[in-house]
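Student: Take a look at the following structure, please.
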Amino acid sequence: MILDLILFTILATLIAASAIGVVVSATIVRSAVFLLFTLIGVALLYFLLGAEFLGATQLIVYVGGTMVLVVFGGMLTSAGPTNVLRTKTAEWVLAGSVAAVVFAMLVRVSLRLGEVPTAVGEIPGPGPLGVAFLTTHLLPFEIVSVHLLVVLIGAAYLARAKHRPRNEDARP
Amino acid sequence: MTLELTHFLILSAFLFACGLLCIATKRNAVGILMGVELVLNAANINFVAFTRYLPGFRLDGSVFAVLVIVLAAAEAAVALAIILNFYNNRGTVDVDKANELKG
Chain S
12 MILDLILFTI LATLIAASAI GVVVSATIVR SAVFLLFTLI GVALLYFLLG
62 AEFLGATQLI VYVGGTMVLV VFGGMLTSAG PTNVLRTKTA EWVLAGSVAA
112 VVFAMLVRVS LRLGEVPTAV GEIPGPGPLG VAFLTTHLLP FEIVSVHLLV
162 VLIGAAYLAR AKHRPRNEDA RP
Chain P
13 MTLELTHFLI LSAFLFACGL LCIATKRNAV GILMGVELVL NAANINFVAF
63 TRYLPGFRLD GSVFAVLVIV LAAAEAAVAL AIILNFYNNR GTVDVDKANE
113 LKG
């Protein structure tokens with residue numbers, strides 16, 4: 012029990028520190044590295060909670076897939092190491108106060124939710140999850156699969172190579 | 013003192029606030045995308061914590077946590093395609109320069 016708490020404290024410190032790093036980093040690649048540490052910390056948190064399948068999914072999809080996309084996007088769109096977009100101090104103050112107010116509200120709600128009686132139980136593994144996806148939760152599963160197809164086509168259409176008409180003109 | 017639901021909820025609230033701050037302050041579109049990822053991860057921590065600590069939410073929480081991960085990946089793919097298009101047209105990813113579509 013006390014080991015759980017110690018591990019949670021270490022992981023929470025890692026996650027919170029890297030999340031702050033994402034916010035305050037000026038360059039996009041540095042933000043991406045901090046985001047990587049945050050995502051790994053969240054995956055370890057899932058392992059701590061006993062959700063091994065979700066932790067593995069988080070590592071594969073987020074750390075392996077989404078982060079590569081974000082890093083590629085950051086590198087393809089960076090105009091050079093000296094061209095860093097700065098934020099005004101007034102914007103920092105305004106956004107920081109809004110975020111602090113939201114954080115305070117969420118903590119207040121969380122403390123009230125903490126009084127709800129809880130019972131620690133096992134998180135379902137891949138087996139019950141797969142059965143649930145094909146029986147009781149079939150509709151969200153189908154929606155998300157069609158959504159993935161739409162996203163695949165849409166992303167390929169949006170990011171296609173430009174200036175194709177000029178090539179066609181050159182063709183005999 | 014044991015590990016309770018409240019600990020996870022407060023960590024998730026902090027992650028959400030960081031994501032919100034990131035979305036509001038970054039001028040680089042890719043940075044804003046990172047803020048969205050932080051917010052989605054905060055929501056996912058909540059889902060998994062509720063799955064563990066609330067009886068009657070065991071299956072739904074896991075299912076929706078998986079769906080959130082899938083949707084986050086899809087959202088990142090589309091957003092990066094849009095950002096690359098914007099960069100091809102304008103030569104920058106400063107969101108303040110995206111001021112032609114006004115409604």
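Line by line, the protein sequences give chains S and P.
Mapping of the first sequence onto my numbering: residues 12 to 183, in sequence order.
Mapping of the second sequence onto my numbering: residues 13 to 115, in sequence order.
Where is the CB? At the ideal position from N, CA and C, for every residue including glycine.
Could you please tell me which residues of the stretch 92-108 of chain P, in chain order, have their CB closer than 8 Å to any CB of chain S?
Tutor: 92, 93, 94, 95, 96, 97, 99, 100, 103, 104, 105 and 106
Student: Shorter than 8 Å from the beta carbon of residue 81 of chain P to some beta carbon of chain S?
Tutor: yes
Student: Could you name the residues of the same chain whose beta carbon sits closer than 8 Å to that of residue 43 of chain S, not counting the 5 residues immediately before and after it, in chain order?
Tutor: 78, 81, 82 and 85
Student: So which residues of chain P does residue 76 of chain S contact, with C-beta pairs closer than 8 Å?
Tutor: 85
Student: Tell me, please, which residues DSSP counts as bridged to residue 40 of chain P.
Tutor: P:106
Student: If you run the structure through DSSP and keep just helix, strand and coil, what is residue 153 of chain S?
Tutor: helix
Student: The stretch 26-43 of chain P: which residues have C-beta closer than 8 Å to a C-beta of chain S, in chain order?
Tutor: Those would be 26, 27, 28, 29, 30, 31, 32, 33, 34, 36, 37, 38, 39, 40, 41, 42 and 43, in chain order.
Student: On a CA-only basis, which of P:47, P:61, P:50 and P:53 is nearest residue 130 of chain S? Give me that one, please.
Tutor: P:61
Student: Rounded to a whole number of angstroms, what is the C-alpha to C-alpha distance between residue 113 of chain S and residue 150 of chain S?
Tutor: Taking the straight line joining both Cα atoms gives about 33 Å.
Student: From this set, P:105, P:113, P:92 and P:109, which residue's C-alpha is nearest residue 171 of chain S's C-alpha?
Tutor: P:92
Student: For residue 102 of chain S, count neighbouring C-beta atoms within 10 Å of its own C-beta (all shown protein chains included) and say buried if the count is 16 or more, exposed if not.
Tutor: exposed
Student: If we define contact as Cβ-Cβ less than 8 Å, is residue 177 of chain S a contact residue for chain P?
Tutor: With a pLDDT of only 49 at residue 177 of chain S, under the threshold of 50, the placement of this residue in the model should not be trusted; the figure read from the coordinates follows. For residue 177 of chain S, the answer is no, since every Cβ of chain P falls outside 8 Å of its Cβ.
Student: Thinking C-alpha only, which one of P:101, P:89 and P:28 is nearest residue 42 of chain P?
Tutor: The option with the nearest alpha carbon to residue 42 of chain P is P:89.
Student: What in chain P is Cβ-close to residue 98 of chain S, meaning under 8 Å?
Tutor: 37, 38 and 39
Student: Cβ closer than 9 Å: which chain S residues qualify as neighbours of residue 112 of chain P?
Tutor: The premise fails here: residue 112 of chain P is roughly 17 Å from chain S at the closest Cβ pair, so nothing lies under 9 Å.
Student: Got a sec? Which residues, its chain only, sit under 7 Å from residue 47 of chain S by beta carbon, not counting five neighbours each side?
Tutor: 74 and 78
Student: Throw me the rounded Cβ distance for the residue 140 of chain S and residue 107 of chain P pair, which I believe falls under 8 Å.
Tutor: Contact flag wrong, Cβ pair sits at about 38 Å.
Student: Quick check: the Cα distance between residue 29 of chain S and residue 45 of chain S, rounded to an integer number of angstroms?
Tutor: 5 Å
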